[in-house]
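S.K.: Residue numbers 626 to 1082, in our numbering, belong to the letters of the sequence shown in order.
Every residue gets a Cβ at the ideal spot worked out from N, C-alpha and C, and that includes glycine.
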Amino acid sequence: MASAAETVLYEEPSPGVRLITINRPEARNAIGPVESRLLFDLVGRFRDDDEANALVITGAGTEAFCAGADLKSVVAMFDPDSEIEPLYDGSDLDAHPIPVEGNIGPTRWTGIGKPVIAAVNGAAYAGGLEWACLAHIRIADQHSSFGVTCRRWNVGLGDGGTQRLPRMIGMARALELIITGRVVGAAEAERIGLVNEVTESGRCLQRALALAAQISALPQPALRTDLEAALRGFGRPLEEGLAIEAALFNSLLDQPEIRAGSKAFVDRDHPDRVAGAAPLHLPGAAYSFAERAHRGQPGRYDVGEFIDHPTRVARIVAEHGGDETAEAAAYLHDTVEKTATTPAEIEAAFGPAMRELVLALGQDPAIGDRGERRADHRRRVAGADRTAQLVYLADRLAGIEAMLERLAAGDDPAELEAERRLGLWRGDLDALSGTNPPLSLVAEIGDRLDRLEQLIA
């Protein structure tokens, strides 16, 4: 068991990043008087530290982020004979009021002024939910849960929950959780806006620290004034919010960092503007690249433009759970095989991993025989990762859908070589048997192929 001084830990895991860990896993990281005082001190230390740019708050262990107030210390407030230190002196609350800044630490502070991330590693109940709501960003393990569980024992929300929760998820959803005390899991919490991101269990702290490091590396003055403007203006009439924004924006104009940042962007001396900089949005950059590469090429079956096909492939990839890398590869997959684009150009724009992915998705022009070329392609995709297989199958589904559309429009199956293509597509699908392709996409392709076979029978 941790000593009193160890029940809340304060660390500096990377430059500009601070980590606070509520370290009472044996008590589900409940907050007693010692922890409350430490949290006031440590959050204040972060706020006042000019070298600290982002704070991550988490709980020790895997069971709980924080279970709220230690109710043993709450009961002790009204029991003069208790041997447990009370959360506060309850003998005369008029003479010794609970701090207005919060019951279990500085939960009512609104002027921290820097980004706070909650790494929710388990149950966030009652006051623990309120601590999670204090954060600006919440990243949660998939086994985590959230609830106003104090509803069951007639304890109210006194650390910001009644005010922050409606602002985050809307009044209707907030009232349901506040009134019923219902516990929601991480997936539902993400769906209703209580959680920003869900990670595999055991990964939320790693992800939160990585995000905090990214935030810390950003220029801070404008970030902090924008954060302040958003928080202060929220809920006010639009005119008042705009006035707050204008005042804070204008306060930055005399700062040399603002002038230097703008000049660096214009002069292409900024990390986002130098050659080889990673795109801010990978799929958008990939679409623009592919659109330029395919410009002027006719679409499949001479309908529309060629870019319509990779656009459809990208849509299918996104619908079947593909990430931004997969979506970008969908846009780019035909650029090397069917345009003058070189692998080196793909690498220069998107990096070596994307270059290899695009090459895996295209046939090898060095193989002269068409059948051997397709067989080689199937073997390479079967041995590739799940991302390549997802894009490969999405490409096939896009082709099948285009064929079905032409048949529905009255085109001749013989002129479309529908029977030959049906056989090729079935062979493409069979080539991935024994691997681990996305099953939902495999099923959809199978359904479309059956429909195509019926149409041309």
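What is the rounded straight-line gap between the Cα of P1038 and the Cα of G1024?
M.R.: Walking along the sequence shown from the start, residue 1038 turns up at place 413. Walking along the sequence shown from the start, residue 1024 turns up at place 399. Distance between the alpha carbons of P1038 and G1024 is about 14 Å.
S.K.: Suppose the cutoff is 8 Å on Cβ atoms and the five residues either side in sequence are ignored; what does the same chain contact list for P968 look like?
M.R.: Residue 968 sits at position 343 when you count from the first residue of the sequence shown. Cβ within range, chain order: V961, R980, V983 and L984.
S.K.: Apart from the five residues just before and just after R849, which ones in its own chain have a Cβ nearer than 7 Å to its Cβ?
M.R.: Along the sequence shown, read from residue 1 onward, the residue named residue 849 stands at position 224. So the qualifying residues of the chain are G738 and K739.
S.K.: Roughly how many angstroms separate the alpha carbons of I647 and G818, rounded to a whole number?
M.R.: Counting from 1 along the sequence shown, the entry for residue 647 is found at position 22. Counting from 1 along the sequence shown, the entry for residue 818 is found at position 193. Looking at the two C-alpha atoms, the distance is approximately 24 Å.
S.K.: Roughly how many whole angstroms lie between the Cα atoms of M626 and V659?
M.R.: Residue numbering aside, residue 626 sits at position 1 when the sequence shown is read from its first letter. Residue numbering aside, residue 659 sits at position 34 when the sequence shown is read from its first letter. With a pLDDT of 42 at M626, under the threshold of 50, the predicted position of this residue should be treated as unreliable, though the coordinate-derived value follows. The alpha-carbon atoms of M626 and V659 are separated by roughly 14 Å.
S.K.: Select from A1043, T683, F665 and R1003 the residue whose C-alpha is nearest the C-alpha of L830.
M.R.: The count along the sequence shown starts at 1 and reaches residue 830 at position 205. L830 has its Cα closest to that of T683, out of A1043, T683, F665 and R1003.
S.K.: Quick one: Cα of T1060 to Cα of A743, how far?
M.R.: Mapped onto the sequence shown, residue 1060 falls at position 435. Mapped onto the sequence shown, residue 743 falls at position 118. The straight-line gap separating the alpha-carbon atoms of T1060 and A743 is approximately 38 Å.
S.K.: Could you check whether I729 and L656 sit closer than 8 Å to each other, using their CB atoms as the reference points?
M.R.: Looking up residue 656 in the sequence shown gives position 31. Looking up residue 729 in the sequence shown gives position 104. Sequence inspection shows Ile at residue 656; the Leu mentioned does not correspond to that position. Cβ distance < 8 Å, so I656 and I729 count as in contact.
S.K.: With distances taken from CA atoms, which of F874, L754 and G795 is nearest R776?
M.R.: Numbered from its first residue, the sequence shown carries residue 776 at position 151. The candidate whose alpha carbon is nearest that of R776 is L754.
S.K.: Taking just the CA atoms, how far does V745 sit from L1083?
M.R.: Since the first and last residues shown for the chain are 626 and 1082, residue 1083 lies out of range.
S.K.: Can you tell which of D674, D851 and Q880 has its C-alpha closest to the C-alpha of E870?
M.R.: In the sequence shown, counting from the first residue as 1, residue 870 sits at position 245. Selected option, being the one with the closest Cα: D851.
S.K.: Scan the region 1022 to 1082 and note each continuous alpha helix (DSSP H) run of 4 residues or more that stays entirely inside, going in chain order.
M.R.: 1043 to 1056 and 1064 to 1081
S.K.: Among residues of its own chain, excluding the 5 on either side of L644, which ones have a beta-carbon nearer than 6 Å to its beta-carbon?
M.R.: In the sequence shown, residue 644 corresponds to position 19, counting from 1. The answer, listed in chain order, is E636, P638 and V681.
S.K.: Answer yes if the region 793 to 811 comes into contact with the region 712 to 721, meaning at least three C-beta pairs across the two stretches below 8 Å, and no otherwise.
M.R.: no
S.K.: Please specify which runs of the alpha helix (DSSP H), each continuous and at least 4 residues long, are wholly inside the region 949 to 981, giving them in chain order.
M.R.: Counting only runs of at least 4 residues, the region 949 to 981 fully encloses the following alpha helix (DSSP H) elements, listed from N- to C-terminal order: 949 to 957, 960 to 963 and 968 to 975.
S.K.: Can you tell which of E825, P862 and P977 has its C-alpha closest to the C-alpha of A812?
M.R.: Here residue 812 is taken as the residue at index 187 of the sequence shown, counted from 1. Checked all of E825, P862 and P977; the closest Cα to A812 is E825.
S.K.: DSSP beta-bridge partners for A689?
M.R.: Counting from one through the sequence shown, the residue named residue 689 turns up at place 64. DSSP, once it has assigned bridges, lists A748 as partnering A689.
S.K.: Given A1007, which residues of its chain have a CB within under 7 Å of its CB, disregarding the five upstream and five downstream residues?
M.R.: Counting from one through the sequence shown, the residue named residue 1007 turns up at place 382. Closer than 7 Å at the Cβ level, and outside the excluded window around A1007, lie A1056, L1057 and T1060.
S.K.: Using CA coordinates, which residue listed in L836, A973 and P731 is at the minimum distance from G641?
M.R.: To locate residue 641, count along the sequence shown from 1; it is residue 16. Among L836, A973 and P731, the Cα nearest to that of G641 is on L836.
S.K.: With A935 and D959 assumed to form a contact (beta carbons below 8 Å), what rounded beta-carbon distance in angstroms separates them?
M.R.: Sequence index remark: in the sequence shown, residue 935 carries index 310 (1-based). Sequence index remark: in the sequence shown, residue 959 carries index 334 (1-based). Note that residue 935 corresponds to Pro in the displayed sequence, not to Ala. At roughly 6 Å, the Cβ-Cβ gap stays under 8 Å, so P935 and D959 are in contact.
S.K.: With DSSP as the reference, label Y912 as helix, strand or coil.
M.R.: Here residue 912 refers to the residue found at position 287 of the sequence shown. The three-state secondary structure of Y912, taken from DSSP, is helix.
S.K.: Three Cβ pairs or more, each shorter than 8 Å: is that satisfied between the region 914 to 926 and the region 992 to 1000?
M.R.: Contact fails: fewer than three Cβ-Cβ distances are below 8 Å.
S.K.: Which residue's Cα is closest to the Cα of A1091: A760, V808 and A1082?
M.R.: Because the chain spans 626 through 1082 in this model, residue 1091 falls outside it and cannot be assessed.
S.K.: List, from N- to C-terminal side, the beta strand (DSSP E) runs of 3 residues or more that fit wholly inside the region 817 to 867.
M.R.: 822 to 824
S.K.: Indicate whether A692 and P650 have their beta-carbon atoms separated by less than 8 Å.
M.R.: Against the sequence shown, residue 692 aligns to sequence position 67. Against the sequence shown, residue 650 aligns to sequence position 25. It is not a contact, given that the beta carbons lie outside the stated cut-off.
S.K.: Grab me the residues of K697's own chain with a C-beta within less than 7 Å of its C-beta, minus the 5 sequence neighbours each way, in chain order.
M.R.: Sequence index remark: in the sequence shown, residue 697 carries index 72 (1-based). Excluding sequence neighbours, K697 sits near I709.
S.K.: Do you know whose CA, among A842, W778 and V820, lies nearest L790's CA?
M.R.: For the purposes of this step, residue 790 is taken as the residue at position 165 of the sequence shown. From the listed residues A842, W778 and V820, the smallest Cα separation to L790 is found for V820.
S.K.: Going by DSSP, which residues form a beta bridge with F771?
M.R.: The residue you call residue 771 lines up with position 146 of the sequence shown. DSSP lists A749 and V809 as partners of F771.
S.K.: Within 10 angstroms of its Cβ, does A731 collect 16 or more other Cβ (buried), or is it exposed?
M.R.: In the sequence shown, the residue the question calls residue 731 occupies position 106. One point to set straight first is that residue 731 is Pro, not Ala, in the sequence displayed. Burial check for P731: the Cβ neighbour count within 10 Å reaches 16 or more, so the residue is buried.
S.K.: What would DSSP say about A743, mapped onto helix, strand or coil?
M.R.: Taking the sequence shown and counting its residues from 1, one reaches residue 743 at position 118. In the structure shown, A743 sits in a strand (DSSP, three-state: E or B).
S.K.: What residues match up with T646 in a beta bridge as DSSP calls it?
M.R.: Here residue 646 refers to the residue found at position 21 of the sequence shown. BP columns for T646 point to L634 and T683.
S.K.: By how many angstroms is the C-alpha of R807 removed from the C-alpha of V773?
M.R.: Here residue 773 refers to the residue found at position 148 when the sequence shown is read from its first residue. Here residue 807 refers to the residue found at position 182 when the sequence shown is read from its first residue. Each residue's Cα considered, the two are about 7 Å apart.
S.K.: In angstroms with no decimal places, state the Cα-to-Cα distance between A847 and G866.
M.R.: Translated into the one-based positions of the sequence shown, residue 847 becomes position 222. Translated into the one-based positions of the sequence shown, residue 866 becomes position 241. The alpha-carbon atoms of A847 and G866 are separated by roughly 17 Å.
S.K.: For E949, which residues from the same chain have a beta carbon less than 6 Å from its beta carbon, with the 5 sequence-adjacent residues on both sides left out?
M.R.: To locate residue 949, count along the sequence shown from 1; it is residue 324. L907 and P908.
S.K.: Considering Cα atoms alone, identify which of E1040, P1063 and V1067 is closest to G1052.
M.R.: Position 427 of the sequence shown, counted from the first residue, corresponds to residue 1052. With distances taken between Cα atoms, G1052 lies closest to V1067.
S.K.: How would you write the range of the beta strand (DSSP E) that I709 sits in, first residue to last?
M.R.: By one-based count along the sequence shown, residue 709 stands at place 84. No beta strand (DSSP E) contains I709, which DSSP labels as neither H nor E.
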